[in-house]
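Residue numbers (our numbering), protein chains in the order written: chain S, 125 to 331; chain P, 125 to 331. Here the structure is laid out as structure tokens; the discussion comes afterwards.
Protein chains: 2
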Amino acid sequence: MTTKEIKKKCKGRPKCFDRQEALEKAKIMFCLYGYQGTSIAQLTDAMGIKPPSLYGEFGDKEKLFIEVLDYYYAPYKEEVSRIFKEKNSTEATFKAIFNLSKGFHTQGISVGCLIVNSSINSYDEDTLIGAKLKAIHDENESTLYKRLEQGKKDGDVAADVNTKRLSRYVSGILAGAAIIARGQKSTDAVTDLLEQGFESFQILIKA
Amino acid sequence: MTTKEIKKKCKGRPKCFDRQEALEKAKIMFCLYGYQGTSIAQLTDAMGIKPPSLYGEFGDKEKLFIEVLDYYYAPYKEEVSRIFKEKNSTEATFKAIFNLSKGFHTQGISVGCLIVNSSINSYDEDTLIGAKLKAIHDENESTLYKRLEQGKKDGDVAADVNTKRLSRYVSGILAGAAIIARGQKSTDAVTDLLEQGFESFQILIKA
DNA sequence: GGATTTTTGTAGTGACCACTAAAGAAATAA
DNA sequence: TTATTTCTTTAGTGGTCACTACAAAAATCC
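Structure representation (structure tokens):
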């Protein structure tokens with residue numbers, strides 16, 4: 125007996141929508157118009173549900189957005205984790221990460237990165253959203269940092285490299301790529317930035 | 125007889141506010157809360173005027189914002205122009221530009237860059253604001269590109285350097301710095317990104 | 001079948017949004 | 001002084017915001 129079949133055995137009227145599909149639609153809207161720029165009416169239209177269903181399922185707009193942030197970040201996180209396991213050298217690992225960003229921003233109509241976009245508008249850490257965004261950014265930068273430190277142990281990152289500074293450099297370039305992708309909508313500009321960024325990364329880990 | 129004295133000789137009730145001071149206050153509000161996030165009520169409170177005065181002077185919220193964008197961009201443009209005249213080498217010129225960004229984002233409470241912030245929310249070129257932002261970005265990138273081309277003629281940028289790619293690289297890092305400054309509010313992170321960025325720039329123009 | 005539980009759709013809530021009509025106030029012109 | 005012009009202030013406009021009270025609908029439990 126699956127979980128879904130167990131779920132069906134409970135009392136009350138069953139839900140008319142799929143939670144994940146609803147999150148997916150909400151994600152698209154927030155990516156396009158941002159947190160402030162997306163109204164509940166727009167969300168309910170896109171999700172195919174009525175306001176009471178949205179509030180019943182997700183609490184309020186802010187809580188829904190935070191759920192969407194996790195839902196958005198999870199695949200990226202998994203992909204980076206996969207790259208870490210798959211690739212051996214530090215250079216190949218970061219090449220794959222730069223390529224991940226390039227692929228993400230250059231196929232289809234790019235709307236940038238929801239995390240980066242949101243950090244512009246909800247930059248106050250005192251808010252739930254601000255704290256969540258800060259946590260995601262810190263986790264990402266820390267992941268890059270740890271991989272560079274590992275590279276030092278493995279010997280393919282030079283001993284005198286400032287790994288903290290370099291992780292912030294990579295993080296900054298990835299953020300810049302997201303901005304350029306959304307603001308300029310030029311795949312060439314994104315590609316140039318990331319390729320030049322990786323080229324310099326190759327040099328920087330060697331000295 | 126000055127222009128202001130001539131202005132005083134016209135009919136009608138004189139204005140109770142200074143146009144530039146009003147723009148300055150509007151700039152602060154838009155920098156803090158963005159275009160969508162700043163209401164007319166917030167603007168009029170900060171500017172010390174009532175809505176009819178705002179609409180009489182600036183047209184509407186969108187036109188005011190576009191004026192603020194120009195007002196915001198002008199000093200940066202002048203400063204870059206001054207650097208171009210002052211510095212001789214390409215390296216010293218770009219060092220000064222990276223430092224300009226560093227100084228801007230690391231003194232006081234940084235709110236990032238109004239141009240970059242706005243390009244997240246008003247990224248559609250079909251709007252007046254989107255077109256203005258695109259124009260400013262293109263002008264800035266073009267300025268950097270031309271200076272790199274000049275460097276090739278002067279001989280302090282290697283002949284085989286892809287100047288277009290490099291200008292996009294610099295532009296991307298400056299955008300990234302603005303994002304980090306606003307989102308992370310860490311002066312160290314901004315400094316690391318810009319210093320590492322300039323360090324790699326030094327290498328990249330030599331080969 | 002009737003009671004209970006949960007979700008649904010309808011139809012709103014007060015608050016705030018960008019913006020403005022209208023009249024008073026302050027200057028010049030005659 | 002009176003008329004004209006321009007700006008200011010007051011007091012709103014309809015529209016949209018996030019959010020919700022309420023009752024019908026659809027399931028299970030007894």
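Built from N, CA and C at the ideal position, the CB exists for glycine as well. Just so you know, these numbers come straight off a predicted model, no measurement behind them.
Burial state of residue i, where buried means 16 or more other Cβ atoms lie within 10 Å
i: Leu147(S); result: buried
i: Gly172(S); result: exposed
i: Ala302(P); result: buried
i: Ile221(P); result: buried
i: Thr251(S); result: exposed
i: Ile327(S); result: exposed
i: Ala283(S); result: exposed
i: Glu265(P); result: buried
i: Gly307(P); result: buried
i: Lys149(S); result: buried
Helix, strand or coil at residue i [DSSP, three-state]
i: Ala283(P); result: coil
i: Glu186(S); result: helix
i: Pro176(P); result: helix
i: Pro138(S); result: coil
i: Gln308(P); result: coil
i: Lys151(S); result: helix
i: Glu145(S); result: helix
i: Gln326(S); result: helix
i: Glu263(P); result: helix
i: Ala331(S); result: coil
i: Asn241(P); result: helix
Distance between residue j and residue i (C-alpha atoms, nearest Å)
i: Gly232(S); j: Lys256(S); result: 28 angstroms
i: Thr127(S); j: Lys135(S); result: Its pLDDT being 38, under 50, Thr127(S) is placed unreliably by the model, and the measurement read from it follows with that caveat. Cα-Cα distance, rounded: 15 angstroms.
i: Ala216(P); j: Glu191(P); result: 32 angstroms
i: Leu238(P); j: Ile164(S); result: 27 angstroms
i: Leu272(P); j: Phe228(S); result: 29 angstroms
i: Phe325(S); j: Gln166(S); result: 42 angstroms
i: Lys330(P); j: Leu188(S); result: 50 angstroms
i: Asn212(P); j: Ile304(S); result: 30 angstroms
i: Asp184(P); j: Pro175(P); result: 10 angstroms
i: Gly161(P); j: Asn286(P); result: 40 angstroms
i: Ala313(P); j: Tyr159(P); result: 26 angstroms
i: Ser295(P); j: Thr311(P); result: 19 angstroms
i: Lys258(S); j: Arg292(S); result: 14 angstroms
Any non-hydrogen atom of the ligand GTP within 6 angstroms of residue i CB
i: Asn223(S); result: What this structure holds is no ligand at all, so the ligand GTP is not there to describe.
Test: residue i CB closer than 7 angstroms to a CB of chain S
i: Leu272(P); result: no
Any C-beta of chain P under 7 angstroms from that of residue i
i: Ala313(S); result: yes
i: Leu316(S); result: Sequence check: residue 316(S) is Asp here, not Leu. Yes, because at least one Cβ of chain P sits closer than 7 angstroms to the Cβ of Asp316(S).
i: Pro331(S); result: The sequence as given places Ala at residue 331(S); Pro does not occur at that position. False, the Cβ-Cβ gap to chain P never drops below 7 angstroms.
i: Asn241(S); result: yes
i: Asn223(S); result: no
Margin query: Along the stretch 161-185 of chain S, where does the CB come closer than 9 angstroms to a CB of chain P? Name the residues.
Written below: Gly161
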